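Engineer: Residue numbers (full-length UniProt numbering): 1 to 517. Take a look at this one; I'll ask things after.
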Amino acid sequence: MEAARESMAALLDAGLFASAQTLGSFLVSSSGASNDAGMSMKAESLVLHGDALYGEKEFRRALNAYKQAMQCSRSIPRQATSNIRSSVSATGRSPSPNSSNLLPFNENEVKFKIALCHSALCEHREALQEMEGIPSKVRTLKMNLMLGKLYRISRNSRSAVVCYKECLRHCPYVFEAITALAEMGLSAKEFSLLFSQAPNRGGKLPSDSLDAQRWWNWYVEAQCCIASHDYKGGLDIYLELMQRFPNNVHILLEIAKVEAIIGRNDEAIMNFEKARLIDPNIMTYMDEYAILLKTKFDYIKLNKLVHDMLHIDPARPETCVALAAMWERKDERKALTYAEKSLRVDDRHITGYIMKGNLHLSLNRPDMAVTDFRGAQELRADLRSYQGLVRAYLALAKCKDALFTAREAMKVMHQSAKALKLVGDVHAISSSGREKARKFYESAIRLEPGFLGAALALADLHVAEGRNREAVTLLERYVRQWADDSVNIKLAQVYAATNMLNDALFHYQCALRCAFS
């Protein structure tokens, strides 16, 4: 059956998994010799069959095939294996550079494949156990990356850092490792040291290496800024990178995502649209774009986006979240089912948790919303998860928890006007806290003069305290500088409350013009 095994390897290399799976069923059921050589060939056939099943996304069956292969290999006496040459090496099927050519198959590679199956089935503990059985000295780049992810899922940050650092020592352009290490607090200086330890591939000229390190350092600094919630610093560096790499879709999407997090919705929408013009089939962060379109009530663009995403890949978690955003206006319960589906597809999809939490708040289920926003925070805390938690705690009348969460956001994001406003929102709930709320709103406006959310909240506070004149003065200043319908509506409401109906009517009309312009 040697020729059939070689043919199966060729089918796998060509990605013809269905045919390979069928051929594999013949190989593993062959009544070959029961001697050691025959058992070795069967182990190899089981690995190949497992590869075909994995390619067809039949992870449970692939897992069983790989485990059977390990059992076959271990049943062969150690002395006998030294006399059997590996047909895996002969056919070129993913041999490890650190493995012995005399072994029937690479046991470490099979362990890695078993871990991949467990991971695909969300059995992360079992995957980690399998990966830890691979000696550190023989781990390849992909093995270290996988192990880093599994350690991070299990909240073993120290071990995760070790694995991710090893990835960057092997190749400094493993961007998943860069992002993970930045989120775990690695400094830009430590990153530079790792870059210097990486091998100089291809004997590049020093000038070329310096240029690569320069823009690599910029990217790392941007990631470190964003991980530490210095969003402005991160955006500034990304904009410098855009000068060096114009029309870079990845950087455009990163900029848009950060702008969406900090509430610069118009700029985020513009950059998402730029990215789609360059690459109409891009799926990364498109659920973030869908949520922005929903907040802007631009349902024509939202429907078009969802239609495109369904055509590109209906199984992606981003597609499910975009569908949730589209259905929220018509049927919140149906929207919730799509948000839940996004997390079944990928239980680490942060936007899915944010969307689900907001839907639970809309459906008056704040206790469930707390669980959702905490799930998002465990993966990566950002402003939206803090805002969601505060809203949920306030809906549950847990003011102390809300204040603790808001203060934590302010501590973590000390340069964020949005975090200052969040603390003010909690204080504004009670009449005794309004003076404190006013100070936080004013601090937010001083930090970010164009922050309409803080201005509107401060205007509401003025009205609640009977200071209508101060509310009008504040809002008129913003109306002159920013043509926004929400400011005109708020100003119209204040004028109407003071019986200045002509002024109220004028600003309602201005709001309509802004909304439809």
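Note that CB positions come from ideal geometry on N, CA and C, so glycine has one too. These numbers were taken from a predicted model, which means no experiment stands behind them.
Do you know offhand how far Glu56's Cα is from Val220's?
Structural biologist: Counting from one through the sequence shown, the residue named residue 56 turns up at place 56. Counting from one through the sequence shown, the residue named residue 220 turns up at place 220. Their Cα atoms are separated by approximately 37 Å.
Engineer: Just the C-alpha distance for Asp401 and Leu512, rounded to the nearest angstrom, thanks.
Structural biologist: Position 401 of the sequence shown, counting from 1, holds the residue named residue 401. Position 512 of the sequence shown, counting from 1, holds the residue named residue 512. Each residue's Cα considered, the two are about 39 Å apart.
Engineer: Return the Cβ separation of Leu53 and Ala65 in integer angstroms, given the expectation that the two are a contact with Cβ distance under 8 Å.
Structural biologist: The count along the sequence shown starts at 1 and reaches residue 53 at position 53. The count along the sequence shown starts at 1 and reaches residue 65 at position 65. With 8 Å as the limit, Leu53 and Ala65 qualify as a contact, their Cβ atoms being about 6 Å apart.
Engineer: Mind checking whether Arg61 and Leu27 have CB atoms under 8 Å apart?
Structural biologist: Translated into positions along the sequence shown, residue 61 becomes position 61. Translated into positions along the sequence shown, residue 27 becomes position 27. Going by C-beta atoms, Arg61 is not nearer than 8 Å to Leu27.
Engineer: Assuming Val479 contacts Ala471 under a Cβ cut-off of 8 Å, what Cβ separation, rounded to an integer in Å, is found between them?
Structural biologist: As a working note, residue 479 is residue 479 in the sequence shown. As a working note, residue 471 is residue 471 in the sequence shown. With 8 Å as the limit, Val479 and Ala471 do not qualify as a contact, their Cβ atoms being about 12 Å apart.
Engineer: Tell me the residue span of the alpha helix (DSSP H) that contains Asp266.
Structural biologist: For this step, residue 266 is matched to residue 266 along the sequence shown. Note, Asp266: alpha helix (DSSP H), Asn265 to Ile278.
Engineer: So, is the C-beta of Gln129 closer than 8 Å to a C-beta in chain C?
Structural biologist: Going by chain labels, chain C is absent from the structure shown, which holds only one protein chain.
Engineer: Less than 8 Å between the CB atoms is what I'm expecting for Leu420 and Phe440, so what's the real figure, rounded?
Structural biologist: On the sequence shown, position 420 is the one that residue 420 refers to. On the sequence shown, position 440 is the one that residue 440 refers to. Yes, they are in contact, since the Cβ atoms of Leu420 and Phe440 sit about 5 Å apart, within 8 Å.
Engineer: In chain order, what residues of the same chain have a beta carbon less than 7 Å from the beta carbon of Ala369, not counting five sequence neighbours either side?
Structural biologist: Residue mapping note: residue 369 aligns to position 369 of the sequence shown, counting from 1. Around Ala369: Gly357, His360, Leu361, Gly388 and Ala392.
Engineer: Is the beta carbon of Ile251 sitting closer than 8 Å to the one on Asn281?
Structural biologist: Here residue 251 refers to the residue found at position 251 of the sequence shown. Here residue 281 refers to the residue found at position 281 of the sequence shown. No, they are not a contact pair.
Engineer: Using the Cα positions of Lys296 and Gly24, report the straight-line distance between them to the nearest angstrom.
Structural biologist: Locating residue 296 in the sequence shown gives position 296, counting from the first residue. Locating residue 24 in the sequence shown gives position 24, counting from the first residue. Looking at the two C-alpha atoms, the distance is approximately 53 Å.
Engineer: My assumption, with CB atoms under 8 Å, is that Arg169 sits in contact with Ala198. Please give the rounded CB distance.
Structural biologist: Sequence index remark: in the sequence shown, residue 169 carries index 169 (1-based). Sequence index remark: in the sequence shown, residue 198 carries index 198 (1-based). Yes, they are in contact, since the Cβ atoms of Arg169 and Ala198 sit about 6 Å apart, within 8 Å.
Engineer: Please list, in chain order, all residues of the same chain as Ile354 whose beta carbon is under 7 Å from its beta carbon, the five residues on each side excluded.
Structural biologist: Translated into the one-based positions of the sequence shown, residue 354 becomes position 354. Closer than 7 Å at the Cβ level, and outside the excluded window around Ile354, lie Ala376, Arg384, Ser385 and Gly388.
Engineer: Could you pull the start and end residues of the alpha helix (DSSP H) that Thr319 belongs to?
Structural biologist: Locating residue 319 in the sequence shown gives position 319, counting from the first residue. Unbroken alpha helix (DSSP H) run through Thr319: Pro317 to Trp327.
Engineer: Count the CB pairs spanning the segment 170-186 and the segment 144-156 that are closer than 8 Å, and state whether there are at least three.
Structural biologist: The segment 170-186, when compared against the segment 144-156, does touch it at the 8 Å Cβ threshold.
Engineer: Between Leu447 and the rest of its own chain, which residues show a CB-CB distance below 7 Å, the 5 nearest in sequence each way excluded?
Structural biologist: Translated into the one-based positions of the sequence shown, residue 447 becomes position 447. Here the set comprises Ala417 and Leu420.
Engineer: How is the alpha helix (DSSP H) around Asn247 delimited, first residue to last?
Structural biologist: Counting from one through the sequence shown, the residue named residue 247 turns up at place 247. Counting along the chain, Asn247 falls outside any alpha helix (DSSP H), and DSSP gives it neither H nor E.
Engineer: Grab the span of the alpha helix (DSSP H) containing Phe26 for me, first residue to last.
Structural biologist: Position 26 of the sequence shown, counted from the start, is the residue given in the question as residue 26. Per DSSP, Phe26 belongs to the alpha helix (DSSP H) from Phe17 to Val28.
Engineer: Relative to the C-alpha of Leu193, which residue among Ser228, Gln509 and Lys165 is closest?
Structural biologist: Here the question's residue 193 lines up with position 193 in the sequence shown. Ranking the options by Cα distance to Leu193, first place goes to Lys165.
Engineer: Starting from the Cα of Leu253, find the closest Cα among Phe245, Ala268, Ala290 and Glu240 and give me that residue.
Structural biologist: In the sequence shown, residue 253 corresponds to position 253, counting from 1. Per the Cα distances, Ala268.
Engineer: Just confirm the distance between the C-beta atoms of Gln213 and Phe195, as a whole number of angstroms; I'd bet it's less than 8 Å.
Structural biologist: As a first step, residue 213 must be located in the sequence shown, where it is residue number 213. As a first step, residue 195 must be located in the sequence shown, where it is residue number 195. Between Phe195 and Gln213 the Cβ distance is about 6 Å, and since that is below 8 Å, they are a contact.
Engineer: Whole angstroms are fine: how far does the CA of Val110 sit from the CA of Glu273?
Structural biologist: Here residue 273 refers to the residue found at position 273 of the sequence shown. Here residue 110 refers to the residue found at position 110 of the sequence shown. Approximately 43 Å, taken between the alpha carbons.
Engineer: Cβ of Cys72 within 8 Å of Cβ of Lys42?
Structural biologist: Counting from one through the sequence shown, the residue named residue 72 turns up at place 72. Counting from one through the sequence shown, the residue named residue 42 turns up at place 42. Going by C-beta atoms, Cys72 is nearer than 8 Å to Lys42.
Engineer: On the criterion of 16 or more Cβ atoms from any shown chain inside 10 Å, does Asp230 qualify as buried, or is it exposed?
Structural biologist: The sequence position of residue 230 within the sequence shown is 230, counting from 1. So Asp230 counts as buried.
Engineer: Specify the secondary structure class of Leu293 as computed by DSSP and reduced to three states.
Structural biologist: Taking the first residue of the sequence shown as position 1, residue 293 is located at position 293. DSSP places Leu293 in helix when its eight states are reduced to three.
Engineer: Alpha carbon to alpha carbon, how far is Gly38 from Ser29? Give it in angstroms, no decimals.
Structural biologist: Along the sequence shown, read from residue 1 onward, the residue named residue 29 stands at position 29. Along the sequence shown, read from residue 1 onward, the residue named residue 38 stands at position 38. Approximately 12 Å, taken between the alpha carbons.
Engineer: Taking DSSP as the reference, what is the three-state secondary structure of Lys398?
Structural biologist: If you number the sequence shown from 1, residue 398 lands on position 398. The answer is coil: DSSP assigns Lys398 none of H, G, I, E or B.
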